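Asker: The sequence shown finishes on residue 409 if you use my numbering, and the numbering steps up by one all the way, no holes.
This is the structure I want to talk about, given as structure tokens.
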Amino acid sequence: MRQRVGGLAWMAALAACVLALSACNRPKQYSQETPDDVLRSAVEMIRDGQTQRLPDLIYADNEQMRRMLDQLGRLFGNMQKLAAATQQRFPDEMAKMKAEAERRAASGAQNPLLAQLAGGGGGRRGPPRGGDEDAMRDLVNRLFADPYGWLEQNAERLSTEMITDDQATILLDGQPLIPLIGLPMIERDGKWYVALPTNMPPLNQGWPRSKQQWDILRSVVIIADKAVIEMTEDVKQGRVATLDRLANKAQEKMLFPGAMAFAAYGRELDVRQRTDRRMSQWRTRQRDWARGRAEQAGGPVSPKLLNAMERVAAVELESVVRKNERLAIDQLSPMQFEDLATEWLGRNGLAVRVDGAVDAASVDARVDAWLAAGGTDRPRK
Numbered sequence: 029m030r031q032r033v034g035g036l037a038w039m040a041a042l043a044a045c046v047l048a049l050s051a052c053n054r055p056k057q058y059s060q061e062t063p064d065d066v067l068r069s070a071v072e073m074i075r076d077g078q079t080q081r082l083p084d085l086i087y088a089d090n091e092q093m094r095r096m097l098d099q100l101g102r103l104f105g106n107m108q109k110l111a112a113a114t115q116q117r118f119p120d121e122m123a124k125m126k127a128e129a130e131r132r133a134a135s136g137a138q139n140p141l142l143a144q145l146a147g148g149g150g151g152r153r154g155p156p157r158g159g160d161e162d163a164m165r166d167l168v169n170r171l172f173a174d175p176y177g178w179l180e181q182n183a184e185r186l187s188t189e190m191i192t193d194d195q196a197t198i199l200l201d202g203q204p205l206i207p208l209i210g211l212p213m214i215e216r217d218g219k220w221y222v223a224l225p226t227n228m229p230p231l232n233q234g235w236p237r238s239k240q241q242w243d244i245l246r247s248v249v250i251i252a253d254k255a256v257i258e259m260t261e262d263v264k265q266g267r268v269a270t271l272d273r274l275a276n277k278a279q280e281k282m283l284f285p286g287a288m289a290f291a292a293y294g295r296e297l298d299v300r301q302r303t304d305r306r307m308s309q310w311r312t313r314q315r316d317w318a319r320g321r322a323e324q325a326g327g328p329v330s331p332k333l334l335n336a337m338e339r340v341a342a343v344e345l346e347s348v349v350r351k352n353e354r355l356a357i358d359q360l361s362p363m364q365f366e367d368l369a370t371e372w373l374g375r376n377g378l379a380v381r382v383d384g385a386v387d388a389a390s391v392d393a394r395v396d397a398w399l400a401a402g403g404t405d406r407p408r409k
């Protein structure tokens, strides 16, 4: 009996140890219950050495954006490792930089990165002047040597303001964090997130919309991540003599591959702009066609079908632009428009003839099934 009791006690102790270890290994939960909780969680992640989780606090509009944010998280984590190596290698220079940052914070100065974003990158063109080069070098040094210092040092100056039940904005000293633009927050499924202002300039001018654009943007993040990993090793091995040399290293490692990626992205933006112009022509032609069909049939064309036609046209017109094919949309006759729209719908998996019955009762069920199966995201025929 005594042996049995001892065995049970041993098993209970073992179970307690296992539970304790599993609790230790479980990732820390950072609150997103309120907008202010998100700000506190961001600071806690930095202090806990968990900067790779910062993108968890950013809302992703789609799967492609979430993949990019996940890659950005890996970059953030490696940037924190670089900052730690830089602190150990250059304690005096880092102390001077942090003292200057604290002085700026005390004077109410804005984060230079946010100032650049608010400015939209506009302004004077041509070779940078000496002061510009010094400012850029300082910016790069701060970005790689102390990327999260500003947030830690200015946490008390940050607050949030509710706009609606599911929208808020981030404030700095009671004013929008990014002048003129602001930095919104939204609530989804009981959690609050930072919502990047992608519909506002300057972000809306170049924010990715296609898979190709997201892939290129993610490749830029991968390039930066690879450079940060290499720079961390350079700092640890003593191959970087000063912080200024660190900034030069960053430019050396990222300038050429980054330029190649941005050139490719520029070509993608050109495709997008040309596609947008074609889509404007298509919408005009589709409205005219829908008006004529409504008069002919004595009832409106299904709004769901019109929406599906527009979604399919965006995919097909991008293909037309990439192949440099000629298509005079404004010159299509009603019959030619119907033939083309029917062909495009079928190619994208929606078997609806737009020269037949197009009222809601006739086509909505097929459109709903098509959307449930993935819509334009499904493989084309």
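All C-beta atoms in this analysis are idealised placements derived from N, C-alpha and C, irrespective of residue type, glycine included.
Because the structure is a prediction, the values reported are computed rather than measured.
Taking 6 angstroms as the limit between beta carbons, can you name the residues of its chain near K264, skipping five residues before and five after?
Answerer: Closer than 6 angstroms at Cβ, skipping near neighbours: A113.
Asker: Return yes when at least one heavy atom of the ligand COA lies under 6 angstroms from the C-beta of V343, else no.
Answerer: Because no ligand of any kind appears in the structure shown, any question about the ligand COA cannot be addressed here.
Asker: DSSP on R381, reduced to helix/strand/coil?
Answerer: Of the three classes helix, strand and coil, the one that applies to R381 here is coil, per DSSP.
Asker: Measuring CA to CA, which of A291, D358, M228, A341 is closest to T312?
Answerer: Among A291, D358, M228, A341, the Cα nearest to that of T312 is on D358.
Asker: Whose C-beta lies closer than 7 angstroms to the C-beta of E72 among residues of the same chain, with five residues either side of it excluded?
Answerer: Result list for E72: Y58, in chain order.
Asker: Which full runs of the alpha helix (DSSP H) of 4+ residues lie inside the segment 55-109, going along the chain?
Answerer: The qualifying runs are 63-75.
Asker: Look at the alpha carbon of G159 and the alpha carbon of L231, and state the distance between them as a whole number of angstroms.
Answerer: Residue placement at G159 is flagged as unreliable, the pLDDT there being 47, under the threshold of 50; a coordinate-derived value is accordingly withheld.
Asker: Would you tell me roughly how many angstroms separate the C-alpha atoms of R315 and R350, rounded to the nearest one?
Answerer: Rounded to whole angstroms, R315 to R350 spans 25 angstroms at the Cα level.
Asker: Put W235 into one of helix, strand or coil per three-state DSSP.
Answerer: Looking at W235 - three-state DSSP - the assignment turns out to be coil, as it is neither helix nor strand.
Asker: Among S69, L224, K219, whose alpha-carbon lies nearest the alpha-carbon of D89?
Answerer: Answer by Cα proximity: L224.
Asker: Could you spell out the range, first to last residue, of the beta strand (DSSP E) harbouring L333?
Answerer: That residue, L333, is in no beta strand (DSSP E); its alpha helix (DSSP H) goes 331-350.
Asker: Excluding the 5 residues preceding and the 5 following Q260 in the sequence, name in chain order all residues of the same chain whose CB lies nearer than 8 angstroms to its CB.
Answerer: Note on identity: in this sequence residue 260 is Thr, with Gln being the wrong assignment. So the list reads N106, K109, L110, A113, once near-sequence residues are dropped.
Asker: Touch check for the segment 336-354 and the segment 370-379: three-plus C-beta pairs under 8 angstroms?
Answerer: Yes, the segment 336-354 is in contact with the segment 370-379.
Asker: DSSP three-state label for M353, please.
Answerer: What sits at residue 353 in the sequence shown is Glu, not Met. Coil at E353, not helix or strand.
Asker: Hey, M228 and I206: beta-carbon distance below 7 angstroms or not?
Answerer: It is not a contact, given that the beta carbons lie outside the stated cut-off.
Asker: Can you list, in chain order, the residues of its chain with a C-beta nearer than 7 angstroms to that of I74? Leave out the 5 residues immediately preceding and following it.
Answerer: Same-chain partners within the cutoff: Y176, L179, E180.
Asker: Out of V256, W242, A278, A336, point me to the one whose CA is closest to L297's CA.
Answerer: Checking every option, the nearest Cα to that of L297 belongs to W242.
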